[in-house]
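Chemist: After the structure tokens below, expect a handful of questions from me.
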Amino acid sequence: MSKSKENSAKLKSYGQYFTPKRVADFMVSLISHPKDAEVLEPCAGEGVFITSLWEAGFRNIVAYEIDKTLPNKSPVPIEYRNFLEVPARERFDVVIGNPPYVRWKNIPKEWRNMFKTDPYWDKVINGLGDLTYAFIYHSVNMLRPGGELIFITPFFWTETVHGRQLREYLIERGDLELLINFNEMRIFPKVSSTIIIFKYVKEKRNRSVRIVSLREKEKLTLKHLKKVQRLLERLKSCDDVREGIYEAYVHDQFKGSEPWKPLPPNNSNPIIELETKQPGVLTPLGEMAEIGNGMVSGLDKAFVINPEELEILTPEERRRVIWVYKAKTLNRIVPEEPPIPYIYANDIEEESVFEQLCPNFYAHLSQYKDKLLARYNYGRDIPWWHWVFPRNKHLFESHSEKILVPSKERYDSKGHFRFTYIYDAGRRYYATQDVTVIALKDEVKESTKYVVGLLNSSIYQDYILHKGFSRGGVYDFSERPLATIPIIRIDFSNGRETKIHDEIVATVEKLIKTKKVSEYITKIDEYTAELIEVKLGYFFPLF
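For what it's worth, this note's numbering labels the leading residue of the sequence shown as -12, then goes sequentially.
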């Protein structure tokens, strides 16, 4: 095996991303315990953290590493064994390191079986997380009371539904002391994930959390880290700071399994105010609507029909044309571009029948036959002219009114998120997998236009910006994150609320007719603010 292939295989199995020395030095500086503390490095790699610890004066160091081929460049012996097989004993004052990031499907099979069958692990490892979860959980169980866990990890587990058991486990036993979010800064080569450094103390005192966030796409430097150190010191006196790319503030200790998605104190949002003071007026979108990802063709360019081809289609072919929205065609409330015609002949199972009934389609798709046969087919044997996974097709067909949103969205490229209203007027509309569909349930009295109006309002956009699930600056609008968005319900026995609902609906209709987005979004903002004032019972100053 070549060196590059060997490294790639290790990266997949072991999740090895080696920490820069300047980052290890910074993390060691966060230790509060004295130099005679018992310190554990559970995933030592080549020993960068051990070297930083030694240089800082720590001598009681235990280190584990699973990869015996790695050289030990530190002054302390490394024990080469699987840390996850080391019995959990509360013997360390500090655990520090960079735990491996390996997705569940790439975790060695014997480890997955251990996580599924051993009662010790099933508290937090649910088959949807990654190897980082296991290292955090096991490391916490290695700490003495009052011990400190200082890790650098991807941020996913701090916000996702899959990580809620781990977050709850940690918060029941101690406090998060500090959280540093590097957002899109580059720390590891070829890694685009948002990276965090956190410090957790295994002692429940409900202390405040010091938070520093950096908004910069450049490489993380020593200069950045020194600035973060100074900001952390300033936060001890509760000074909130916003300076250029840096934002630093103190946040209340997190509770239970809630996502660690803090909101800066100067960014208060009225939806959060409602969540705190009037939670009964809100319903998660997932309880009001069916939500699903778009359909998967497996090779979009093969199924797109150009205008010239539309003119020559047979009647059998015309009834197998579907009109499809892609993420690039969407915008706020009204589509940016018209839907795209696609071939959809999944009802035909025999190739000879397909060629006879749809000769133009057959000729068109035959150009791509080799690529269509090579598509990922989700483990099913399907004809080469079929879409590979027409999931949620029923969702598009059973609701005439829908809201479409790009399943991934970078806010800073447009300055807004795009929730688009779609109405099937004499023609059904579908979407591809880069789009998520929201369809209100039949029993919901609120109008789809009301909900799409709220989602496009500045108040909701700001809420999603700060509370939504983002990865490296890209926001996730798949089913689970969308399902958690709280929607303000209307009390239709209240005349004023009903009037506001109808005004939002009417404003959305005017926007659709005139396409004057900015003008009518401003009106929607005013009505949304008025509705919140009614629900709270007092005026809430907006940003």
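We put the beta carbon where it would ideally sit given N, CA and C, even for glycine.
According to DSSP, D168 sits in a beta bridge with which residue or residues?
Modeler: Reading the sequence as shown, one finds Asn at residue 168 and not Asp. Looking at the DSSP assignment, N168 forms a beta bridge with I183 and S200.
Chemist: Are the CB atoms of L166 and T145 within a distance shorter than 9 Å?
Modeler: Yes, Cβ-Cβ distance for T145 and L166 is below 9 Å.
Chemist: Starting from R305, follow the alpha helix (DSSP H) in both directions and report where the run begins and ends.
Modeler: Its alpha helix (DSSP H) spans residues P302 to R305.
Chemist: Just verifying my parser: in three-state terms, what is the DSSP assignment at L359?
Modeler: DSSP places L359 in helix when its eight states are reduced to three.
Chemist: What's the C-alpha gap between E336 and E342?
Modeler: So the alpha carbons of these two residues sit roughly 11 Å apart.
Chemist: Please report how far the alpha carbon of Q240 lies from the alpha carbon of L157, in whole angstroms.
Modeler: Answer to the nearest angstrom: the Cα atoms are 12 Å apart.
Chemist: Just verifying my parser: in three-state terms, what is the DSSP assignment at E298?
Modeler: Three-state result, E298: helix.
Chemist: How long is the line joining the alpha carbons of V375 and S284, rounded to whole angstroms?
Modeler: Each residue's alpha carbon lies about 5 Å from the other.
Chemist: In the DSSP assignment, the alpha helix (DSSP H) including N280 goes from what residue to what residue?
Modeler: Segment A276 to N280 is the beta strand (DSSP E) holding N280; no alpha helix (DSSP H) there.
Chemist: What residue from T471, E466, P302 and I327 has the CA that sits closest to Y450's CA?
Modeler: Checking every option, the nearest Cα to that of Y450 belongs to T471.
Chemist: So for P7, helix, strand or coil by DSSP?
Modeler: The answer is coil: DSSP assigns P7 none of H, G, I, E or B.
Chemist: Pair every Cβ in the segment 189 to 205 with every Cβ in the segment 234 to 252, then say whether three or more of these pairs are closer than 8 Å.
Modeler: Judged by Cβ distances under 8 Å, the segment 189 to 205 makes contact with the segment 234 to 252, as three or more pairs qualify.
Chemist: Identify whether Y365 lies in helix, strand or coil by the three-state DSSP scheme.
Modeler: In this structure, Y365 counts as coil in the three-state DSSP scheme.
Chemist: Threshold first: 3 residues or longer. Then list the beta strand (DSSP E) segments lying entirely within the segment 10 to 93, N to C.
Modeler: Runs of the beta strand (DSSP E) inside the segment 10 to 93: 26 to 28, 48 to 52 and 79 to 84.
Chemist: Cα separation between F383 and S126?
Modeler: Each residue's Cα considered, the two are about 46 Å apart.
Chemist: Restricting to runs no shorter than 3 residues, where is the beta strand (DSSP E) found entirely within the segment 221 to 286?
Modeler: 228 to 230, 233 to 238, 269 to 271 and 276 to 280, all fully within the segment 221 to 286.
Chemist: Apart from the five residues just before and just after M275, which ones in its own chain have a Cβ nearer than 8 Å to its Cβ?
Modeler: Here the set comprises L427, K428, V431, E433, V438 and I474.
Chemist: R151: which of M101, G161, A43 and I112 sits nearest, CA to CA?
Modeler: Among M101, G161, A43 and I112, the Cα nearest to that of R151 belongs to I112.
Chemist: Can you find the residues in the same chain that come closer than 6 Å, C-beta to C-beta, to R90, ignoring five residues on each side of it along the sequence?
Modeler: Closer than 6 Å at Cβ, skipping near neighbours: D117.
Chemist: So is D80 buried or exposed if we call it buried at 16+ other beta carbons inside 10 Å?
Modeler: Flag for D80 reads buried.
Chemist: Straight-line CA distance for F175 to R483?
Modeler: Their backbone Cα atoms lie some 54 Å apart in a straight line.
Chemist: Smallest Cα separation from K436: which of R476, K395, I491 and D478?
Modeler: Considering only alpha carbons, the answer is I491.
Chemist: State the DSSP-derived secondary structure class of I143, mapped to helix, strand or coil.
Modeler: According to the sequence provided, residue 143 is Phe. The question's Ile does not apply to it. Residue state, collapsed to three classes: helix.
Chemist: Quick check on the burial criterion: 16 or more other C-beta atoms within 10 angstroms. Buried or exposed for N(-6)?
Modeler: Residue placement at N(-6) is flagged as unreliable, the pLDDT there being 46, under the threshold of 50; a coordinate-derived value is accordingly withheld.
Chemist: Opposite W310 in the DSSP bridges: which residues?
Modeler: Note: W310 sits in a beta bridge opposite P328 and Y416.
Chemist: In whole angstroms, give me the CA-to-CA distance for E159 and K313.
Modeler: In a straight line, the C-alpha of E159 is about 44 Å away from that of K313.
Chemist: Starting from the C-beta of L286, find all residues in its chain whose C-beta is less than 8 Å away, skip the five residues before and the five after it, and write them out in chain order.
Modeler: For L286, where only same-chain residues beyond five positions count, the Cβ hits under 8 Å are Y355, K358, L359 and R362.
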